[in-house]
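Visitor: With full-length UniProt numbering applied, the sequence shown has no gaps in its numbers, which climb one by one up to 293 at the end.
First the structure, which I've put down as structure tokens, then a few questions once you've had a look.
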Amino acid sequence: MLTTSNYLHLLANNFYIKIKITLFPTSSLVINRNGSVEYWREVQLAKQKVKETKMSGHACCSNPPILNPFSGAGHVEKIGGLDAYLTGSPLSTKAILFVSDIYGYESPIIRNLADKVAAAGYYVVVPDYFYGDPYDDDRVDRPLPIWMEDHEPDKGFEASQPIIEALKSKGVSAIGAAGYCWGAKTVCELGKSKLIQAVVLAHPSLITVEDINGVNIPIAILGAELDPITPPEVIKQFEQVLAAKPEVDSFVKIFPNVSHGWTIRYDTEDPEAVKAAEEAHQILLDWFVKYVK
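Written as structure tokens, this is what we have:
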């Protein structure tokens with residue numbers, strides 16, 4: 001079973017930074033985990049390791065977006081206590097909640113996808129679940145495992161409930177949710193509740209078979225052939241669980257020749273990457289058109 005603790009350990013190992021060493025006078029970070037004290041190398045060594053990690057194409061952090069708070073056709077305002085990118089007609093009775101990956105709600109691609117879904121008649125909400133603190137590759141003093149400790153995906157489910165309540169108070173009667181990487185866990189938890197009508201998980205992280213078994217609304221899962229975080233064999237386990245639940249409509253696809261993050265962190269200059277992402281986007285939209293109405 002992939003627990004949050006195991007996932008953090010996986011990320012740490014992939015990052016090539018978590019190393020037991022003697023504490024240097026200039027070291028700034030000390031952490032306790034599993035009863036042991038582990039120290040992080042000095043900043044210069046960490047910088048070098050982060051560079052090595054970037055060059056290795058670490059799955060969770062590959063092709064990071066250039067964040068732009070002014071991107072998209074919508075605007076930012078608070079809803080349910082969180083800043084959020086809002087796009088589409090606020091008078092629509094149908095809404096879609098986007099839960100981003102670790103890079104947050106200022107990614108131009110996720111906002112452009114939100115705009116595309118909004119054009120189909122939905123009011124789309126992309127909240128800032130990180131409260132102005134998305135993951136930053138350049139923060140060598142705060143590598144991904146440490147950042148994750150401050151931003152557990154389970155907290156996203158709690159933060160989503162006031163947003164859903166706010167939408168319903170505005171007259172929204174049908175809600176769907178899409179989660180990407182980090183955001184898939186939050187969306188999966190929503191799928192276990194009676195709060196929304198349908199979910200889509202794209203290159204999910206931190207999801208277990210038990211999670212999928214608990215979903216009781218229509219669910220689509222879009223996996224990647226080259227994803228070490230949730231590899232194809234795990235996606236196939238999800239598919240088997242859903243196949244045993246005919247009362248829950250489901251769709252599962254493993255996209256060939258793509259990596260973790262391919263739906264919202266792809267190279268827009270690569271025709272094949274664009275084609276795969278756009279196919280996933282269309283599946284997402286078709287799923288919501290079918291079940292969020």
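In this text, a Cβ means the ideal position worked out from N, Cα and C, and glycines have one as well.
Report, in whole angstroms, the separation of the C-beta atoms of Ile219 and Val248, which I expect to be a contact under 8 Å.
Guide: 7 Å
Visitor: Starting from Ile235 and walking both ways along the alpha helix (DSSP H), at which residues does that stretch end?
Guide: In this chain, the alpha helix (DSSP H) harbouring Ile235 covers Pro232 to Ala243.
Visitor: Using three-state DSSP, classify Pro127 as helix, strand or coil.
Guide: In the three-state DSSP reduction, Pro127 falls in the strand class (E or B).
Visitor: Say whether the segment 110-121 touches the segment 146-166, bearing in mind that this needs 3 or more beta-carbon pairs closer than 8 Å, one atom from each stretch.
Guide: no
Visitor: Taking the alpha carbon of Ser215 as the reference point, which residue from Ala224, Pro228 and Ala177 has its own alpha carbon closest?
Guide: Correcting the residue identity first, residue 215 is Val in this sequence and not Ser. Measuring from the Cα of Val215, the nearest candidate turns out to be Ala177.
Visitor: Please tell me whether Glu225 and Ile254 are closer than 8 Å, where the distance is taken between their beta carbons.
Guide: yes
Visitor: When burial is assigned at 16 or more other CB atoms within 10 Å of the CB, is His75 buried or exposed?
Guide: The residue in question, His75, is exposed, as its Cβ has fewer than 16 Cβ neighbours within 10 Å.
Visitor: Just curious, the beta strand (DSSP E) that Asp83 is in, first and last residue?
Guide: Leu82 to Thr87
Visitor: For the alpha helix (DSSP H) that Leu113 lies in, which residues bound it at each end?
Guide: Pro108 to Ala118
Visitor: Taking the DSSP output, what are the residues bridged to residue 299?
Guide: Any question about residue 299 goes unanswered here, given that the chain covers just 1 to 293.
Visitor: Suppose the cutoff is 6 Å on Cβ atoms and the five residues either side in sequence are ignored; what does the same chain contact list for His151 look like?
Guide: Phe130
Visitor: With DSSP as the reference, label Ala166 as helix, strand or coil.
Guide: helix
Visitor: Which residues share a DSSP beta bridge with Ser250?
Guide: Ile219
Visitor: Taking just the CA atoms, how far does Leu285 sit from Ala120?
Guide: One alpha carbon belongs to Ala120, the other to Leu285, and they sit about 8 Å apart.
Visitor: Less than 8 Å separating the beta-carbons of Ala95 and Val125?
Guide: In this structure, Val125 lies closer than 8 Å to Ala95 by Cβ.
Visitor: Who are the Cβ neighbours of Ala273 in its own chain at under 6 Å, not counting the five residues just before and after it?
Guide: Tyr266 and Asp267
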